[in-house]
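Residue numbers (my numbering), protein chains in the order written: chain H, 1 to 506; chain C, 1 to 99; chain A, 1 to 629; chain U, 1 to 506; chain Z, 1 to 259.
C-beta: ideal position from N, C-alpha, C; glycine also.
Note that the coordinates shown come from a computational prediction; the quantities given were computed from them, not determined experimentally.
Single-structure report; data block below.
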């Protein structure tokens, strides 16, 4: 009879996640017991406090990297620290936006357009369940990129996904669309996680292990042929690529981005990408690295298709959120170039890019929340005409963020693009660099088009206006702007920090 | 007979589930098809556990069930919401978001 | 020898021009005086230089003045440097002398023009540029003056540019000149590429080492330059239109000086042409063609200035022919250039005087019998007339007959053809010049009563008289003891003797005189014995009509260059819009429509999205299926 | 003394000062901007006096680590070629400000915004010529598009938005191709002994001929678009048509020089062999540009477009001179850049004044201006003469040097290009004939002549044109050593004259 | 194609029999699930697939999973599905016409392609080792062995799953729980309202629809004492839908009117 040995979990290393989960539970409890009046403030403060606390904890354990925790289920290495910190920072900024309850329905169960709905809105109550959901999602996002076995990965995937599915459907305005977004996101997400799981099964079948290290060992010293491995990689990739919105697994992106409440879109677009790419990087860099000959061509093709597709389709979009969605698809393609690079530079570049892109994305969506008419947000691009005249400050910030997306020098986007493409080139993948820069050129078109609309077109008198943002939203907008510029002009400290920190343990 | 035969069954079930997602319109049935795919994966896990001689596969299959249960709750909640708003559970009716 | 005063030759008129242009209307009252004085001072400087030159031995006469290093890149070194030698001094004196006379004349001629100051500024500018042209010690310096006179000519032709036709004429002159300039700039490039230098001295030194091919190329390019500036075939079309400028301009620029720059260029480049016989032959042929061409046009013109312009073209043809005949002809080309400067300038001023008295009427058919009203003008014009048709002992007789003679002596078919052409030209010259004189001064009056013909003021007739003196005497002076030939000898090689003469000089002279008399007679028959209609008859032969249309030179240019050029421009503009920019817009459009098409995949149906995922998975599976095969 | 950095900081400082002014103080903004540019101009001249003209090394060099992760330095330093172009920039800036005193008034935004953009642009113009780090160069190269974009789109006329977009996207496209090349060269430098962007170090790289050719193309196309060379020119007429005259002056006068400057500084230095390989193609393109641009100029009905096409023709000459690879060609091309800056400035400024008085820039709308506004007409005539390279004016020297330099190596190209001389007469004289000559046409009777400010603005331009026509030595002395050096580095030497080479073979 | 490349030892004969009976049944049930028109049928067929899988699990030494499969999946999850199906409408069935162009042919091709590719690929696979079997690890029983793993090696995932459960509960609450802001009117309220606002004639309730020998349904109006049909006895909804039948055919013939 084997003796059960109590597992040692290294709680301090897991503390960031545990703090977030704990905060989530507290907010759930608050949800049940606190009066409606003080709930919004309490929930918001707990949420922010939790995130900040977790961030502090991440900072504290930064030197303890290159360790595993939770019986080897998670790795606390440089990238883990960086990615967790990134997720948390993005989450803080995202929560600033989420705090504007204006975006969320009060009672999700009321019928759209019904008397009840109106009454609920008039009651002035606020939906506070988003806070626990956000925290759960954050916990999942923090776990996803550090998980080192397929089980934890799968669980983390679901932990991050389920709250997002739910939150996508909580919009106050255009609720039918919002619910539709939730449904689509959910169905497709579940569909893709089935692929993920099936792939995991074959990887397990191939290696006899569910840990990434075990799979790596099996690849390195495998005796049989690698059919199972490849089936596994392929199906696992479907699940992962779905999350980042790579073509052809991208189709949910525009619809969900458009339908979801904008703060959620912002948070999701920024943080999910970090988490998912974090996981992809870890899996492909540590586990599949020796099988790169098998997956690299496939991923290259996908990356190319993704870049081009995202850029080209974004051109014809008439809705700002959809346009940003396609832009995120294109960026997923660029980020895949970093995965394909499969070198230290690629890892560093990807992490930098994820941070820079996440921040800029949050800022961009934050600006989107400000443009409204009497019926809520205005996302029709034509109605953004003349924004620069109405609100030069906001428009300038938005333009800057768009230029960062386009990769214009002196913005973070340029440094990101440069570093990721140079890493890809270094790995010998020249084609992707060429396609990358060409699709950047295409992509520039639609960013510039928005700038033209904002600055060079006369405003129509259609009630569109830029509301005065709340302090928190303002904080998000200004800090994203500042970070974007700062990382564009003085990226050195940050890049140094990444390159000295980011090494995967296996 | 060969233990690998279970894998063929698993593959077939997975394929059937996947196609079901594409061809069925009722959101609930679509979701059931996804469940079928998860089950197929589980069968593969269990089979591989036996082939590889360790229980990790069974553990992950167990997790799958738990996760699937949670997913079902969330998923059905979403479907119900949609149904209440639209009086329809057809996924084709939810097509406001396009292009 | 170096000299420090050469630069004043140029600086004085240039200064005048700058002052007049910058001071604007403030200088209206004294501007013309200043300009005239400065031009005169330049003439004085020229005379001083000439005197000094006379005092030196033959091979010490050339003087140079280096101003500064102009362009120096690698081996391409060009100094801003002036050189006055026996050839240049002729021009300097001609330019400043005739130029000053014309300044004086213009004071009166332009006295009613509000912009007289501007006119004098341009005149001074022209003098400066023309002096630079003849004083430059390298082809590139010459080029600056070359285009400078072009600019001045453009400005002066377009002096009354509020008339669209005049503005067009100015532009036409500039463009035609530019075509010639193209030849000059190519010549400079070739000479730098082959000889590594562009200065006259350097090229002269290196020419012996260069290949004949290169030298021929340079020669042809220089010839093109000359045809442009000197209105030679085939770039002659602008000269007739250039008569749009005020008449003193026609006298100075388009008769006496600028248009002869081509002859100067060819003569100056004698070392090239002498080493490139093909190019030299070409020069002679062009000269021969042009002298006939101009002469024929001259017979058909009713506009007095245009008739004179055609005559100028023809006379320069003689000079070019002379220059094309090599060492034997250079001196005579220059001689004809100088004599022509006197008599043609005189005649132009005469024509200006007539116009002055006839309310700017230029149509000779509306003149008639003016000799009574303008005796001085008639006299000076008549002397010029005698000079140009080559009546001994007037200047033209010496210079033109020499060229005809040398042409015959070129030998063989070449000699007969060229000489014959020159001889024929002399006859035609006699005809059309007689026609001009008769139509203008003889016969009955054909003007209407509004005109009150009168003699011009002294300021105008004085220069005419002085020029008439030159027309009478210059021939004798230049030929006396071969003075000009000897003078120029160090610069241009002169051929020793008339070896293998085809015709004796006397024979040529007699032949020429007979033909001239025939021409004169024919003209008298045609225009003095019969009444001249005041409207040009329209029932004339096709040949007359063609001659009136300047032998279709404009029609030719229009058909061959202008129309296709315009068409080409239109096509290119359309190409740029449709193809080049169209390609850019097309790429944008294709990208956009591709985006729209691909965007169609976003049907809004979640099942189709699942289908994409499934298809993606199938694609990946198929890939590994193939890979693991 | 850190000349270059100071020179770059001065306008930036001015920009900040202008930006802080209240919107209403338009006059003060103008004065401040003019003062700043004037100070910069003086400082630039002072710097030029310190320049050691026979020293072919980069002078006033500074280098500070910027992004050490990628081996990127803030490194500046200039040779004679760069010095001349910096002088061009700093001299034109005050003229543009003074000449376009009221340009900004009708724009979409405040007057001060215009000057802020102009001053920022000045900083970048200096920076782009001063950079000796390829990455820094690229940053300036791309970033300077943004102020120009806003200058065209915000203060221009007509289809300004479309023109601005076309300009930006076209340039960005080229820039991205260059980015690909820069990435490649960066990676290669890493493979051959450490990542660097130092121009001198990069010129030592060993490249395979295929690689070198491709990288060369990346740079060259970017520069060809910028220059612009046929067939990449179509953005220029639109941009020049829409921009304000001042902007056009900076655009055509300085910005486009970055293209030809880049060809000398980067294409030749980094890729000498590829430059050699592609020379025939480029020569052909240059010749086409010369002739094509001239024909198109003849066919234009609008002053601004006409000037734009004349510039295309002139840029053909500059490119021809560069790739003739002779010292005459190179020095001529560099001198041409300077001269073209001034002659185009003169043309554009006067054309702008004409247009602003008449309310149209169509040639057909003018007539008989010489009688109405003699000084303006004279100024235009003078500028036109400079443009057609009349001997005695500055352009002649450079144009002739280019032709002579080209003829010694590529006689056919030189001969064909020389026809540009004839066409130049047409495209300058035609508009002069139509607009300045002839009878005064309707609508022109009451036009006013240049005022004192305008005379002061144009006088130095015309003076420079005239003085350099007769005495180009000050510039040539500075340019010659640098030009000779760059040819030598590219592995060329002047062809001997036919006689000398004959002598040599004997 | 059945030439399996996986070098696994043969399973026992009984298992083989079991497999060859239940395997095809399982696949057929799955196919049926996809093809069944009615959602309920699909649910039942899915449940049967799950049960068959449970048997397979048990057959493959995964006793615990087999039980959980039945309890959790077939028991809980499928019940949830059925609940929702009832909520949505048990009868709901898909229309057979495909609305998305080309989807059906593509789907069929994909189905064949996907399955074919997958199966042929599995057929090519080799593992390099024979089937190990679980006899050894299950020596102390499947459940203890599993629990060993679950509570030591995978305890972290196990803990995190709790987050999932909370999320699910929370999610269901958010989306489905409708806490009323306005109290639902009670019967008393409604009654008072009826008396206060409506006519007293109908305050006590409207007449019932007709009851007839041949037809007894809500869609036939009742007859008033005077023999005329009463419109008030029929739901206005049915009238609007046009589903109301005439009362006339069900009436008795009028007295004394027959001769």
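- Burial check for residue 40/Z: the Cβ neighbour count within 10 Å reaches 16 or more, so the residue is buried.
- Closest by C-alpha distance to residue 241/A, out of 153/A, 490/A and 614/A, is 153/A.
- According to the DSSP assignment, residue 78/U belongs to the beta strand (DSSP E) that extends over 72-78.
- The residue from 329/U, 360/U, 365/U and 421/U with its alpha-carbon nearest to that of residue 476/U is 329/U.
- Contact with chain A is found for residue 295/U, since one of that chain's Cβ atoms lies less than 7 Å from the residue's Cβ.
- Residue environment analysis places residue 374/H among the exposed positions, since fewer than 16 neighbouring C-beta atoms fall within 10 angstroms of its C-beta.
- Burial of residue 112/U is indicated by the presence of at least 16 other C-beta atoms within 10 angstroms of its C-beta.
- Taking the Cα positions, residue 184/H is about 21 Å away from residue 198/H.
- Per DSSP, residue 58/A has no beta bridge partner at all.
- If you draw a straight line from the Cα of residue 177/A to the Cα of residue 524/A, it is about 37 Å long.
- In summary, residue 305/A is buried, with 16 or more beta-carbon neighbours lying within 10 Å of its beta-carbon over all protein chains present.
- By the 16-neighbour rule on beta-carbons within 10 angstroms, residue 263/H is buried.
- For residue 458/A, there are no CB contacts under 7 Å within the same chain when 5 residues up- and downstream are skipped.
- Counting along the chain, residue 77/A sits inside no alpha helix (DSSP H); it lies in the beta strand (DSSP E) bounded by residues 76-84.
- Only residues of its own chain outside the window of five on either side were considered, and among them none has a CB closer than 8 Å to the CB of residue 393/H.
- Counting of Cβ neighbours within 10 angstroms places residue 438/A among the buried residues, the total reaching 16 or more.
- The C-beta of residue 592/A comes no closer than 7 Å to any C-beta of chain C.
- About 5 Å separates the CB atoms of residue 247/Z and residue 221/Z; that is less than 8 Å, so the two are in contact.
- Per the coordinates, the alpha-carbon of residue 449/A lies some 21 Å from the alpha-carbon of residue 377/A.
- Under the three-state reduction of DSSP output, residue 425/A falls in the helix class.
- Interface annotation, residue 613/A: not in contact with chain Z, CB-CB separation never under 7 Å.
- Residue 450/A carries a coil assignment under DSSP once its states are collapsed to helix, strand and coil.
- Judged by DSSP secondary structure, residue 23/U falls outside any alpha helix (DSSP H); it is assigned neither H nor E.
- For residue 372/H, the enclosing beta strand (DSSP E) covers residues 371-373.
- Here DSSP, grouped into helix, strand and coil, assigns residue 62/U to strand.
- Distance from residue 142/H to residue 87/H at the Cβ level is roughly 5 Å; contact confirmed, criterion being Cβ atoms closer than 8 Å.
- Contact check for residue 139/U and residue 448/H: beta-carbon distance about 19 Å, past the 8 Å limit, so the pair fails to qualify.
- Here residue 360/A carries a coil assignment [DSSP, helix/strand/coil].
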